[in-house]
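Student: Going letter by letter, the sequence shown gives residues 4 to 311 in the numbering used here. Heads up, the beta-carbon is just placed ideally off N, CA and C, and yes, glycines get one too. A single structure is presented below for examination.
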Amino acid sequence: MTMSEESQVSSVGFDPLMSDLDEKKQSFRRNVLCLASELREVRSRLASQEQSFEREALSRQEAESKVRRMEEELIGLQRRLEEKGGELQASISASEKCLQQMDALKSQIMITQATADTNVASAQSVQFQCLALLKEFDEKNCSLKENEDRVNRLSERLNDLQKDLQAREYSQKQLRDDVTKIERDITEALAKSGLSKDSELRKLLDVVSPKNIENINKLLVVKDEEIGNLRDEISIMSAHWELKAKELESQMGGRRDKAIKELKEQLMAKLHQKSGPSGNRKQNFWESPSFKIVVSMSMLILVVFSKR
4 MTMSEESQVS SVGFDPLMSD LDEKKQSFRR NVLCLASELR EVRSRLASQE
54 QSFEREALSR QEAESKVRRM EEELIGLQRR LEEKGGELQA SISASEKCLQ
104 QMDALKSQIM ITQATADTNV ASAQSVQFQC LALLKEFDEK NCSLKENEDR
154 VNRLSERLND LQKDLQAREY SQKQLRDDVT KIERDITEAL AKSGLSKDSE
204 LRKLLDVVSP KNIENINKLL VVKDEEIGNL RDEISIMSAH WELKAKELES
254 QMGGRRDKAI KELKEQLMAK LHQKSGPSGN RKQNFWESPS FKIVVSMSML
304 ILVVFSKR
């Protein structure tokens, strides 16, 4: 039924119902109007909500795109960070290796410094020993020179004594020959003069001649004994000085050999001590100035001894 039909029926019916219906109709209309207004409001709200939803969707899409871009940027940054972390780790490992190498170099430098100090100390001690040996050698050389001068003086004295002995022997021989010649001349003269054997001059000659011969023989024996004593003394003195010279030479040679042996033992001990860490240090020691100083001083000592 339509509303017009209902109005007609209501007009036909009784009025209270109509009035009631009118009221209900009015209330229904009001309700419908209210509902319509509410519906419009709801529609407007829905439209606004849809617009807001669309805006939110757009903003969400934009946010999602931003998030995706940020995620991509984060992934790129993470990759870069990983690369930087790898580079940093490599640089850290390289720096650690460099630090280890620096520590090793520091330890090697300390060891080489210590070895250099010990080498310098040993070289100084060896130099002092060499200087002491050279001083002792100079003293021994001075004593040897003095002994050589004494030996030379003694040899000159021996030569003079030998010349004197030869001159004395020659003079004794000449005296003996002169005496025998004089006696022979006297006897010949007596024989030529025809003196008898019983004459006083012949008797005197017979008495004096044996006495002269005996005295001359005694004098010659004494001189021969003096000459023999001088010869014995000369031989003893020469043997004594030869023994002294040999003793000095043997002492000098023994001290030289002992000093060279001690230097060799010290050098070998230093070499054994320094040959443990590495072979390079051994080569460095052989090329070190301390070893060259020791060798040069040893060669100088050997040259001095060879000259002496």
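Assuming the contact rule is C-beta atoms closer than 8 Å, Lys247 and Asn150 should be a hit. Round their C-beta distance to whole Å, please.
Tutor: So it is a contact: roughly 7 Å between Cβ atoms.
Student: For Lys200, count neighbouring C-beta atoms within 10 Å of its own C-beta (all shown protein chains included) and say buried if the count is 16 or more, exposed if not.
Tutor: Reliability of the predicted coordinates at Lys200 is poor, the pLDDT of 48 falling under 50, and no value is obtained from them.
Student: Pull up the distance between the alpha-carbon of Gln175 and that of Leu164, whole angstroms please.
Tutor: Approximately 16 Å, taken between the alpha carbons.
Student: Measure the alpha-carbon distance for Leu168 versus Ala242 and round it to whole angstroms.
Tutor: Rounded to the nearest angstrom, the two C-alpha atoms are 19 Å apart.
Student: Going straight from the alpha carbon of Gln127 to that of Glu236, what length do you get?
Tutor: So the alpha carbons of these two residues sit roughly 51 Å apart.
Student: Suppose you measure from the CA of Lys100 to the CA of Ser110; what does that come to, to the nearest Å?
Tutor: Straight-line Cα distance between these residues: approximately 15 Å.
Student: Alpha carbon to alpha carbon, what distance is there between Glu26 and Leu38?
Tutor: Between Leu38 and Glu26, the C-alpha separation is close to 17 Å.
Student: Grab me the residues of Ser47's own chain with a C-beta within less than 8 Å of its C-beta, minus the 5 sequence neighbours each way, in chain order.
Tutor: Cβ neighbours of Ser47 beyond the five flanking positions: none.
Student: By the 10 Å Cβ neighbour count, where 16 or more other Cβ atoms means buried, how is Asn122 classified, buried or exposed?
Tutor: It counts as buried.
Student: In chain order, what residues of the same chain have a beta carbon less than 8 Å from the beta carbon of Pro280, not counting five sequence neighbours either side?
Tutor: Residue confidence is low: Pro280 scores 48 on pLDDT, short of 50, so the model does not pin down where it sits. Its coordinate-derived value is still stated next. Answer for Pro280: Ile114, listed in chain order.
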